[in-house]
Structure formats: structure tokens, C-alpha cells
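Here is the structure we will look at, set down as C-alpha cells.
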Amino acid sequence: MATITSTTSVSSPALLLENSAPVSSVGGNNDAVLQVIVHPLVLLHVLDHHTRRSDGSGRVIGTLLGRRDGKKVEITNCFAVPHAERGEEVAIGKDFNKQMLGLHLRANRKETVVGWYASAAQGEEGEDSPGLIIETSSLIHDFYSGETEDGDPIHLIVDTRLLEDAITVRAYRCTTLTVQGEALANMFQELSVTLKNSEPETIALHRMVADSSANKNTNNNNTSESDEEPLLVSMEKLYSLLEAASDYVDAVVEGKTPPDAEVGRKISDSLDAVPRIRPDVFDKLFNDSLQDLLMVTYLSNITRTQLSIAEKLNASLGV
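Under our numbering, the first residue of the sequence shown is numbered 526, with each subsequent residue one higher.
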């Protein structure tokens, strides 16, 4: 990974402005971005990247893809980029970013790099969180200034600190404050963020919410448990019948119950119907059969889910 150190010209302190004046009024830039539109796929990817981060990682970063239309930026996709932060130094996987960008552009040439994302920086154990914008944010932002077509990347932050009941999403644009040609600080000013769902995304989200809200702890096993219930009932009934037959035989042997020839013949016929199999072999056969049943149930659930999603997609597309 290429290393960006604090000795570069972009090592100015990072200033954070929230709910301040519109960006277009800062520095007189009338073409500055004022609104950021984010698709849910991007947020899900950032959250997934954050949960899979390596131990000791304070935050994760990645490249944002989308398109710019005047003063609006629509973020439609993203991908993770490996990085490491130590003090005022940042190492970014430039080669990885270049290769991943090439693969994404082959699939969708209309998308371009519009900025970068990050999860909220996590503090060390026992320490407070350092906040949304930290000193190394300026270094990373400078790198993405060279990756975007207009040199004005958007910085999207997904606050994963859970300081509130909901996960907040914020977007920033950076402006360099200079005095007599000398850069003093990088000012990150907050932008308006809007969540936009396309019709296929809405269908998928509704499906996800419905699946997760219906008894979260047991939802994935409800169908398989209902399929296993008849087998469980049959086994319990068989066990009770065996106990009753064993108790009857013991009572006859001990002279507590008069023998009944008809009952004796039925017990004998039932025992003769059972194949002579060693207990270990029987256990293996039973477990194999049970695993086959569970596999069939699992595949049936997958097929049912795929058919349901396909039906909803066909209905939305008018097929």
C-alpha cells in the first residue's frame, strides 16, 4: 500500500462545520455540490465492511461510485479499499483501488468516482471516540481529490458508534482555507443527504425487513421445525408404546398381571418385524436419514424464497 504522510502539503488540520452555511457561499464556488443522494446498497455495504473489519481497526474506508448532475451527487455503488492509519500517517491500497475501479467500470461505464466513505473512527478501549472527522481524513481526502474527475470528492460517513438509537449518515465537502497562499486548514462542511430507493431496491428491502421482523431469533428455523414436528410426534408415540409394552411384560413376569395370549402374539410379531441391526449401525442409519430430511427441507426453503423474490420482481417489471 502507498503511504501518505503528514509531511505533505495536505497535512493541514481538519475543521468540521455542521449545519453551517451552504457550501456555495464558502469561497464563492457556485458550482459546489449541495445535495448528496445515497442508495441503500451503499449503506448496507459500508455496514457490512465495518462489521468485517480486522481486530484493532479504528475505521474502514472505501471508494464511492455514482454520477454528478449539477449540484447533486448520486451515490449508487461503492467498494472497500484496504488502508492502515498510524498517528498522522495513512497507507492506502492504491493498486487495489485501481484494479477494483477497472472491474466496476467494465460492468457500468456510467459510474465514476464521486468520493470516499468511512465508518466513524473507534476509540481505543477505555477512551472516547475521536469523532467523525479526524486529522488523517484530510490526507485521505486529498488522495481522492486526484481520483475524481472534478477534484471535488464527497466524504460520506456512516456513524457506527451507536451514540443514538439510529445509525446516522452524513456527507461532507472539503474546502481548503488559505491565507496569503498558505494552506491553514481543510474545512469539512456538511451537506444535505437524501436516501433514494429504486423499485427493485424497495422490493428487496421490504423482503429483508419482513424476514427479520418475524421472530428474529427463530425465523430461519420456523419452517424446518414445522417439518420436523411430525417426526418428533411419531418418535414420542413410539417411545411411549415401547414403554407400555415393556411395563406389561415386566408385570406378567412378576405375576402382577395375568398373561394375555393375544397381546403376547402382537408383541412377538412387532419384535420380529424389527430388523436385526447393531445399535451403532442403527444410529448411523437414523442420523443419515435425519440429515437427508433436513437437507431436503433446507433446499425447499431456498427454492420457496427464490420463487417469491422472482414473482415480486416479475410483478414490478410487468413481465
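Note that beta-carbon positions come from the ideal geometry of N, C-alpha and C, so glycine has one too.
Remember, it's a predicted structure, so these values are computed and weren't measured experimentally.
- Counting C-beta atoms within 10 angstroms of its own C-beta, Thr588 has 16 or more neighbours from the protein chains shown and is therefore classed as buried.
- Uninterrupted alpha helix (DSSP H) stretches at least 4 residues long and entirely within the stretch 703-730 do not occur.
- Taking the C-beta atoms as reference points, Ser717 is found nearer than 8 Å to Val561.
- Separation of Ser723 and Val563 (C-alpha to C-alpha, rounded to the nearest whole angstrom) is 11 Å.
- Secondary structure remark: continuous alpha helix (DSSP H) runs of at least 4 residues inside the stretch 784-808, in chain order: 786-798.
- Secondary structure of Arg732 (DSSP, three-state): helix.
- Between the alpha carbons of Arg611 and Thr661 lies a distance of about 9 Å.
- Counted as a single uninterrupted DSSP element, the alpha helix (DSSP H) harbouring Ile665 occupies residues Glu660 to Ser670.
- Distances from the alpha-carbon of Ala696 to those of Gly640, Gly706 and Val704 put Gly640 closest.
- Of the residues assessed, Glu779 falls on the exposed side of the cut-off, its CB having fewer than 16 other CB atoms within 10 angstroms.
- In the DSSP assignment, Thr588 falls within the unbroken beta strand (DSSP E) covering Ile586 to Asp594.
- Judged by their CB atoms, Phe604 and His629 are nearer to each other than the 8 Å cut-off.
- Between the alpha carbons of Ala616 and Pro725 lies a gap of roughly 37 Å.
- DSSP places Arg695 in the strand class (E or B) of the three-state scheme.
- It is roughly 6 Å from the alpha-carbon of Asn711 to the alpha-carbon of Thr700.
- Residue Arg577 holds the alpha-carbon nearest to the alpha-carbon of Thr685 among Ile834, Arg577 and Leu796.
- Taking all protein chains shown into account, Pro783 has fewer than 16 neighbouring C-beta atoms within 10 Å of its C-beta and is therefore exposed.
- In the displayed model, Ser644 falls within a strand according to three-state DSSP.
- Relative to Val638, the option among Glu599, Met820, Ile658 and Val585 whose CA is nearest is Glu599.
- In the three-state DSSP reduction, Asp620 falls in the helix class (H, G or I).
- The three-state reading of DSSP puts Asn602 in strand, counting E and B together.
- In the DSSP annotation of this structure, His564 is not part of any beta strand (DSSP E), being labelled neither H nor E.
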